[in-house]
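J.: Residue numbers (this note's numbering): 24 to 723.
Here a beta-carbon is modelled for each residue, glycine too, at the ideal position from N, C-alpha and C.
What you are looking at is a predicted structure, and each value in this text was computed from that prediction instead of being measured.
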Ligand SMILES: Nc1ncnc2c1ncn2[C@@H]1O[C@H](COP(=O)(O)OP(=O)(O)OP(=O)(O)O)[C@@H](O)[C@H]1O
Ligand SMILES: [Mg+2]
Ligand SMILES: [Zn+2]
């Protein structure tokens with residue numbers, strides 16, 4: 024028997040609240056004793072402990088002692104800023120995406136904004152362009168609150184590569200470095216300063232901001248990953264609660280809060296807790312058209328994953344999400360043994376190990392990260408070609424955020440998930456057994472149900488996903504169901520057989536049984552258990568022999584997903600729900616998707632002829648001819664060297680899409696080169712000539 028097994032559910036719950044899974048207890052749950060090392064992110068310890076003596080200038084500016092008064096007339100904007108010019112010149116992009124232009128215009132003018140855009144949608148530009156425009160207008164420094172210290176170095180490096188003066192302040196700096204940056208900041212020369220939320224509780228830091236503000240040099244505050252202020256998501260960060268202080272202290276400095284989490288609860292929390300009540304709200308389309316969604320029925324998940332990786336993603340960078348730390352470790356080891364370079368990442372690993380693995384993932388090509396949900400927030404690697412789920416996420420929000428990490432560069436990417444009977448049972452159990460309040464559980468169940476409905480859907484996945492976020496759309500042509508419409512069958516009869524057998528078990532002996540035994544009885548298989556319980560005499564014994572075990576598993580999984588069956592007790596036995604009655608009576612037809620083997624290759628051809636060597640593909644994100652491939656490979660080799668020299672991930676120098684465009688069009692002048700998306704003025708100046716040389720010699 025596969026699928027359901029008495030899976031020690033108590034252990035699940037234990038794991039959930041004592042660190043086995045990377046989750047936080049919901050509100051209402053007793054607070055577990057977390058130690059700092061349990062937390063998933065790197066904290067700015069230095070400012071947390073506030074052991075630094077506050078300088079004399081800090082006295083009198085301690086928290087709460089100053090309450091400035093908001094005065095709309097003191098709000099300043101950068102009038103007539105050439106925003107499009109900044110986009111082209113600095114970033115090298117030709118057009119704003121979606122709502123970006125509206126948001127950027129509004130923030131530049133000095134209005135508060137709440138920005139909701141999907142993962143990878145382009146939120147950074149929404150504060151970076153205003154920061155540059157406002158700095159040019161003499162309004163000074165933009166403070167960026169970002170929760171992830173480990174990523175600040177690269178975020179700042181990317182801006183400096185673009186010729187934008189940026190820096191971060193956190194505990195990783197030496198005293199001297201910090202002082203230098205503070206001087207840059209206090210002089211107003213700095214365009215963007217990144218800091219972790221904890222810093223706001225540091226009196227010395229607040230004193231510096233106050234001084235800047237008094238001199239009219241505190242331009243803007245951007246609060247990235249603003250959903251961290253809400254307990255409803257899984258990224259809650261207590262320090263975010265302190266950020267309302269920025270409003271109290273600097274009411275005339277505009278603020279923009281950004282997030283990819285769109286649900287109403289989180290949205291309301293952000294407004295209230297960040298004191299953004301008057302902020303204009305910008306909700307972008309959540310569609311990520313280049314991501315292809317595929318959800319397969321779990322058969323042998325590992326084999327299925329391997330086939331998916333080998334057929335479609337050889338040599339590509341990607342993430343494989345698993346639920347537990349243990350499974351992450353196993354998956355990474357197993358992928359490695361299959362010759363795929365893979366590393367584990369979860370909150371239980373040493374902070375150093377985590378940083379090293381994350382760095383490798385960002386800096387090296389073609390690495391697969393096996394990870395819990397602790398991995399991903401803020402990872403802006405643009406060429407993640409796939410995100411695979413070996414376990415069902417908790418809800419659609421989680422699924423969408425995790426899959427959104429694929430294909431930021433806009434090139435084709437896959438979101439692939441294997442899902443089976445045990446997933447449904449496990450997720451339901453985790454909710455049932457959690458110590459959370461009833462109201463919270465009810466909500467979690469509803470969210471899980473929405474995800475199950477998506478997994479079982481016969482129609483366009485994207486229409487359903489976007490529908491969940493309140494967006495109407497038409498069938499996308501780029502999901503498994505659109506590309507390969509699943510056959511369905513009328514399973515009303517099978518459903519009735521299964522439900523009535525469950526009913527008969529109970530009637531016969533007062534006992535209930537799991538899915539494996541139910542399938543044996545339906546298929547008329549004599550086992551020790553059927554003999555022991557006398558189930559051979561049941562009238563339904565063997566009535567479903569015409570369907571395979573696999574088909575039956577599908578039927579039971581879908582009955583569970585649809586809520587006609589529920590799993591109960593310590594051994595995940597099956598029981599009927601109220602809604603089962605109508606199905607039993609034949610009043611409700613049941614249409615199910617037909618079980619099908621994962622179609623090999625599923626119609627996808629690799630994105631390039633792939634001139635890979637030694638098992639490592641150099642596949643460009645667009646189709647290139649032989650010479651183009653050569654140029655692409657040469658550009659990549661050149662890029663790695665520059666990246667190493669600058670101690671930055673290669674994509675920060677130029678991303679694959681930009682290199683591929685260079686390889687395709689083979690520009691021979693600086694002017695031609697500057698027309699390529701991703702080539703801004705600074706990079707043209709710094710690298711233009713070398714690129715032309717690389718292109719020329721690759722041709723020869
Ligand atoms: N107008 C544009 N034209 C071309 N590329 C863009 C544009 N805007 C953003 N991008 C690119 O899109 C990618 C994703 O942007 P960004 O990192 O800002 O996403 P995000 O919305 O912050 O996502 P997350 O929620 O994961 O933090 C980046 O590689 C960025 O350079
Ligand atoms: Mg971001
Ligand atoms: Zn579709």
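Please classify residue 600: does DSSP put it in a helix, a strand, or coil?
T.: Three-state DSSP puts residue 600 in coil, outside helix and strand.
J.: Just to confirm before moving on: does the CB-CB distance between residue 366 and residue 349 stay below 8 Å?
T.: No, they are not a contact pair.
J.: Leaving out five residues on either side along the sequence, give the residues of the same chain with a beta carbon under 8 Å from the beta carbon of residue 474.
T.: Excluding sequence neighbours, residue 474 sits near 415, 416, 417, 418, 419 and 422.
J.: List the residues that DSSP assigns as beta-bridge partners of residue 109.
T.: The partner list for residue 109 (beta bridge, DSSP) is empty, contrary to what the question assumes.
J.: For residue 197 and residue 273, I'd like the C-alpha separation in whole angstroms.
T.: Each residue's Cα considered, the two are about 29 Å apart.
J.: Identify, in the order they occur along the chain, each residue of the same chain with its Cβ nearer than 6 Å to the Cβ of residue 589, setting aside the five sequence neighbours on each side.
T.: So the list reads 598 and 600, once near-sequence residues are dropped.
J.: On a CA-only basis, which of 175, 163, 497 and 719 is nearest residue 310? Give me that one, please.
T.: For residue 310, the nearest C-alpha among the options comes from 497.
J.: How many whole angstroms separate the CB atoms of residue 693 and residue 654, which I take to be in contact at a CB cut-off of 8 Å?
T.: Wrong, their Cβ atoms sit about 17 Å apart, outside the cutoff.
J.: Using the rule of at least 16 other Cβ atoms within 10 Å of the residue's Cβ for burial, across every protein chain shown, is residue 69 buried or exposed?
T.: Any answer about residue 69 is weak, because its pLDDT of 36 lies below 50 and its placement is not dependable; what the coordinates show is given next. The residue in question, residue 69, is buried, as its Cβ has 16 or more Cβ neighbours within 10 Å.
J.: Label residue 312 either buried or exposed according to how many other C-beta atoms from any shown protein chain fall within 10 Å of its C-beta, with 16 as the threshold for buried.
T.: By the neighbour-count rule (16 or more Cβ atoms within 10 Å), residue 312 is not buried but exposed.
J.: Which residues in the same chain have their Cβ closer than 6 Å to the Cβ of residue 251, if we skip the five residues on either side of it in sequence?
T.: Hits under 6 Å: 170, 258, 260 and 263.
J.: Is any heavy atom in ligand 2 found nearer than 7 Å to the beta carbon of residue 321?
T.: Not so, every heavy atom of ligand 2 lies at least 7 Å from the Cβ.
J.: Taking 8 Å as the cut-off, decide whether the C-beta atoms of residue 615 and residue 521 are in contact.
T.: In this structure, residue 521 does not lie closer than 8 Å to residue 615 by Cβ.
J.: Please list the segments of the alpha helix (DSSP H) lying wholly inside the region 507-557, counting only runs of 4 or more residues, in order along the chain.
T.: Whole alpha helix (DSSP H) segments, 4+ residues: 515-532, 538-546 and 551-555.
J.: Taking 7 Å as the cut-off, is the CB of residue 401 close to at least one heavy atom of ligand 2?
T.: Residue 401 Cβ: within cutoff of ligand 2.
J.: Taking residue 680 and residue 432 to be in contact with their CB atoms under 8 Å, please state how far apart those CB atoms are, rounded to whole angstroms.
T.: Indeed, because the Cβ distance is near 4 Å, the residues count as touching under 8 Å.
J.: With a threshold of 7 Å (Cβ to nearest heavy atom), would residue 293 be considered close to ligand 1?
T.: No - ligand 1 has no heavy atom lying nearer than 7 Å to the Cβ of residue 293.
J.: According to the Cβ coordinates, are residue 427 and residue 143 closer than 8 Å?
T.: Contact: yes.
J.: So, residue 661 versus residue 708, is the Cβ gap smaller than 8 Å?
T.: Not closer than 8 Å, so no.
J.: With hydrogens ignored, establish whether the beta-carbon of residue 646 is closer than 7 Å to any heavy atom of ligand 2.
T.: For ligand 2, not one heavy atom lies less than 7 Å from the Cβ of residue 646.
J.: Find the nearest neighbour of residue 278 within the set 291, 241 and 289, judged by alpha-carbon distance.
T.: Considering only alpha carbons, the answer is 241.
J.: Within the same chain, show all residues whose beta-carbon is closer than 7 Å to that of residue 152, passing over the 5 residues directly before and after it, in chain order.
T.: Contacts found: 106, 109, 110 and 127.
J.: Is it the case that the CB of residue 142 approaches a heavy atom of ligand 5 more closely than 7 Å?
T.: Ligand 5 is absent from the structure shown, which contains only ligand 1, ligand 2 and ligand 3.
J.: How far does the beta strand (DSSP E) with residue 98 in it reach, from first residue to last?
T.: Element bounds for residue 98: n/a, residue is neither H nor E.
J.: Is residue 145 a contact residue of ligand 1, with contact defined as CB to any heavy atom under 7 Å?
T.: Checking every heavy atom of ligand 1 against the Cβ of residue 145, one is found closer than 7 Å.
J.: At what residue ranges does the region 363-430 contain a whole run of the alpha helix (DSSP H), taking only runs of 4 or more?
T.: Taking only runs of at least 4 residues, the alpha helix (DSSP H) segments lying wholly in the region 363-430 are 374-386 and 419-426.
J.: Can you round the beta-carbon distance between residue 583 and residue 407 to whole angstroms, since I take them to be within the 8 Å contact cut?
T.: Between residue 407 and residue 583 the Cβ distance is about 32 Å, and since that is not below 8 Å, they are no contact.
J.: Roughly how many angstroms lie between the CA atoms of residue 305 and residue 117, to the nearest whole one?
T.: Spanning the two alpha carbons is a distance of roughly 22 Å.
J.: With respect to the alpha helix (DSSP H) encompassing residue 320, which residues constitute its N-terminal and C-terminal limits?
T.: Residue 320 -> not in any alpha helix (DSSP H); beta strand (DSSP E) instead, spanning 314-320.
J.: Given a threshold of 16 other Cβ atoms within 10 Å of its Cβ, counted over all protein chains shown, does residue 690 qualify as buried or as exposed?
T.: By the neighbour-count rule (16 or more Cβ atoms within 10 Å), residue 690 is buried.
J.: Can you tell me whether residue 708 is helix, strand or coil according to DSSP?
T.: In the structure shown, residue 708 sits in a helix (DSSP, three-state: H, G or I).
J.: Might you give, ordered along the chain, the residues of its own chain that have their beta carbon closer than 7 Å to the beta carbon of residue 296, omitting 5 neighbours on each side?
T.: Excluding sequence neighbours, residue 296 sits near 252, 264 and 267.
J.: I'd like to confirm the pairing. Which residues does DSSP put opposite residue 231 in its beta bridges?
T.: DSSP output for residue 231 lists no bridge partner at all.
J.: Within the same chain, show all residues whose beta-carbon is closer than 6 Å to that of residue 185, passing over the 5 residues directly before and after it, in chain order.
T.: For residue 185, where only same-chain residues beyond five positions count, the Cβ hits under 6 Å are 113, 703 and 705.
J.: Express the C-alpha separation of residue 468 and residue 595 in angstroms, rounding to a whole number.
T.: Rounded to whole angstroms, residue 595 to residue 468 spans 17 Å at the Cα level.
J.: Quick check on residue 291: buried or exposed, where buried means 16 or more other Cβ atoms within 10 Å of its Cβ?
T.: So residue 291 counts as exposed.
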